[in-house]
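Notes follow the structure.
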Amino acid sequence: MEYWSQVREIEASKLIFIDESGVNLALLRLYARALIGRRARGRKPQKRGRNISIISAISLEKVVASVNIYGAVDAVTFEGFILKEVLPKIKEGDCLLMDNAKIHLGEMVREIIEQEKARLIYLPPYSPEFSPIENFWSKVKAILRKLKARTYKDLIEGIELAML
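Residue 98 in the working numbering sits at position 82 of the sequence shown; the count goes up by one each step and never skips.
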């Protein structure tokens, strides 16, 4: 309830949602079609390769900032994303919302956001349905599955295309 009482007061155009997600070269479509009596067939890569983590900040209108990183995201990487990519693009009064992942909970993150006269609100535990960025990740991954990227170059291009 505390979350909703905080968010209800904020103008929707001031909300910015931040999260990270991972992709790799083995993303496949989840469903397939075939003629009646035929089995749908596809090829699955033998190796999925290294993960690429995507950290993004989105408003209800656009992608505010996004970065691709080979491997996992740690607290230092996340703080760097906030400092270099997000802070230059936010305005006074904006509100950044993110989940309670351990890498998001650094005191430095809160301090640098509040220095910019912005607010930071954490989502309640286990509540991805309150964050539109989860739907955004679903759409991005659906586009990447459709593209069937099998090289890192194609995957990065696909990520950039999906962010449009």
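Every residue, glycine too, gets a C-beta built ideally from N, C-alpha and C.
- For Gly-174, the enclosing alpha helix (DSSP H) covers residues 168-178.
- Taking the Cα positions, Ser-143 is about 10 Å away from Glu-150.
- Here the region 70-89 makes no contact with the region 44-52; the two share fewer than three CB pairs at distances below 8 Å.
- Straight across, the Cα-Cα distance linking Val-39 with Tyr-86 is about 10 Å.
- Contact between the region 47-64 and the region 22-29 is absent: fewer than three C-beta pairs spanning the two stretches fall below 8 Å.
- Approximately 6 Å separates the beta-carbon atoms of Ala-81 and Lys-105; this is inside 8 Å, confirming the contact.
- Looking at Glu-145, Ile-98 and Trp-153, the one whose alpha-carbon comes closest to that of Gln-131 is Ile-98.
- Ala-134 sits away from Ile-159, with the two beta carbons spaced by 7 Å or more.
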